[in-house]
Structure formats: C-alpha cells, structure tokens
Amino acid sequence: MIIRNTTRGTTLAGNARPAVTLWSRTLGLMFQRFEGFDGMMLRPANAIHMCFMRMPLDVIFFDKRLTIVKMVPALAPWRLFCGALGAAGVLELPVGAIARSHSQPGDQLEFVVA
C-alpha cells in the first residue's frame with residue numbers, strides 16, 4: 002500500500018502493510034524492524050503502545066476522513082500509551098518520515114493499494 006499526503010504532494014510510505022485484524026493491530030511492529038516494507042497502517046485504532054518495540058517510530062493519527070489529527074515524531078520504545086481523540090487509524094513509520102513529507106495536522110492522506 003502506498004500512503005500519500007495529498008495536501009503536500011509527498012509520499013509517507015511506498016510499501017506499507019495494513020493491520021486491520023485485532024491480532025495484527027495488537028502486534029503492530031513489536032519484535033520487528035522495517036525490512037521489506039516502510040510503514041504500517043492500523044485501522045481501526047485511536048491509540049498505540051510501544052511495549053516490546055526495538056526502535057522509535059514516527060506516528061500519525063488520522064480520522065475517518067483520512068485527515069491527520071495528531072503527529073508524534075520519534076516516539077520512544079516502551080512508552081505505555083499514545084493516543085489521539087477522534088482518530089480512526091494510526092500510521093507507524095520510520096523516524097524521519099514526518100519531516101521528509103512535511104506533514105502537518107489537518108493534511109489529507111490517501112491510501113493506494115498497489
């Protein structure tokens with residue numbers, strides 16, 4: 002899946018994995034590294050935990066209209082909870098993805114199944 006910020010004309014992830022089942026959302030990126038993919042989209046979700054994570058993440062929360070409602074750059078491993086009111090989904094991305102894409106709250110996202 003390709004994840005684009007249509008407001009900025011930038012790409013957040015060129016090969017993201019969807020996590021749409023309860024089990025896949027619970028596991029997220031625990032015990033993993035970005036190898037063969039460059040992001041994960043959790044939906045539905047309005048919060049994440051960073052337990053058992055090996056690396057920090059750039060995290061973007063989006064609402065049901067795919068509008069960014071909150072961003073957390075470089076969220077550290079082992080943080081117990083991070084959430085956003087009104088979020089319908091979460092993007093877990095490598096650190097630096099937010100800065101490279103120039104994303105801001107209020108920007109519009111697009112998911113393209115490749």
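Numbering (our numbering), first residue to last: 2 to 115.
Idealized CB from N, CA, C, for every residue including glycine.
Only a predicted model underlies this, so the values are computations on that prediction, with no experimental measurement involved.
Legend entry - For R26, the first and last residue of its enclosing alpha helix (DSSP H): Residues 23–28.
Inset, instruction - Select from N47, F63, V73, K65 the residue whose C-alpha is nearest the C-alpha of P57. - result: With distances taken between Cα atoms, P57 lies closest to V73.
Legend entry - S25, buried or exposed, once every other Cβ within 10 Å from all chains shown has been counted against 16: The residue is exposed, with fewer than 16 neighbouring Cβ atoms inside 10 Å.
Legend entry - Close beta carbons around V21, own chain, < 7 angstroms, minus the five adjacent residues each side: Within the same chain, V21 has close Cβ partners R44.
Legend entry - Identity of the residues DSSP links to K137 by a beta bridge: Nothing in the structure corresponds to residue 137, since the chain is present only between 2 and 115.
Legend entry - DSSP-derived helix/strand/coil call for A100: Helix.
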